[in-house]
Amino acid sequence: MITEPFKLIRRCEVTAILVLYGLPRLLTGSILAHEMMHAWLRLKGYPNLSPEVEEGICQVLAHMWLDSEIYSASGSDCSSSSSSSPSSSSASSKKGKRSDFEKKLGEYFKHQIEADTSSVYGKGFRLGNEAVLKYGLRSTLDHIQMTGSFPY
Numbered sequence: 001m002i003t004e005p006f007k008l009i010r011r012c013e014v015t016a017i018l019v020l021y022g023l024p025r026l027l028t029g030s031i032l033a034h035e036m037m038h039a040w041l042r043l044k045g046y047p048n049l050s051p052e053v054e055e056g057i058c059q060v061l062a063h064m065w066l067d068s069e070i071y072s073a074s075g076s077d078c079s080s081s082s083s084s085s086p087s088s089s090s091a092s093s094k095k096g097k098r099s100d101f102e103k104k105l106g107e108y109f110k111h112q113i114e115a116d117t118s119s120v121y122g123k124g125f126r127l128g129n130e131a132v133l134k135y136g137l138r139s140t141l142d143h144i145q146m147t148g149s150f151p152y
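Be aware that the sequence shown starts at 1, since it is given in the UniProt record's numbering, and climbs by one per residue.
In structure tokens:
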């Protein structure tokens, strides 16, 4: 029998991230970025965040990942093949120049995140993205860890 106060320490372990098979590369990557952010928040001991803050910052990371994929190689042409050649699909899976189709698909996925009307994912993304653009990712994450909310 315990007769003195004690602090219950809750540890949250991440054991798996599950993703559907067969989705387009950019959608799979953005989902993984989103889910990995959930895992990172758990592993780094962030407090119980509101759904708006947690889903919002996870959507920000998915959006950032899409940005990096669309624009990282948009100016460089690592392959000598044109985007209409048969080898272009294998070239786009490397860090070579993205096809116009893949860029448009990535822009569409980004637009879906930006235009989401839900209070949790949509509003959360817009608040989180505004904070990250204003203060940077690291400062925004530090503020979330201290206060459980986005900086204004």
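Glycine included, C-beta positions come from ideal geometry on N, C-alpha and C.
Just so it is clear, the structure is predicted and the values come from calculations on it, not from any experiment.
Would you kindly check if the distance between the Cβ of residue j and the Cβ of residue i is under 8 Å?
| i | j | result |
| --- | --- | --- |
| E55 | Y108 | no |
| G136 | Q59 | no |
| L26 | L105 | yes |
| A62 | I113 | yes |
| F150 | L133 | no |
| residue 166 | K103 | The question about residue 166 has no answer here: the residues shown for the chain are numbered 1 through 152. |
Using the C-alpha atoms, what's the distance from residue j back to residue i?
| i | j | result |
| --- | --- | --- |
| G148 | L49 | 6 Å |
| T140 | G22 | 34 Å |
| P47 | H143 | 12 Å |
| S92 | F101 | Because the pLDDT of S92 is 45, which lies under 50, any placement of that residue in the model is unreliable, and the question is left without a value. |
| E4 | M64 | 48 Å |
| R138 | A131 | 11 Å |
| T117 | T28 | 22 Å |
Buried or exposed for residue i, please, with buried defined as at least 16 other CB atoms from any protein chain shown within 10 angstroms of its CB.
| i | result |
| --- | --- |
| H111 | exposed |
| A115 | exposed |
| K44 | exposed |
| S68 | exposed |
| M37 | buried |
| S72 | exposed |
List the whole-angstrom C-beta distance separating residue i from residue j, where the pair is believed to meet the contact cut-off of C-beta under 8 Å.
| i | j | result |
| --- | --- | --- |
| R42 | V14 | 5 Å |
| S99 | E52 | In fact, because the Cβ distance is near 36 Å, the residues do not count as touching under 8 Å. |
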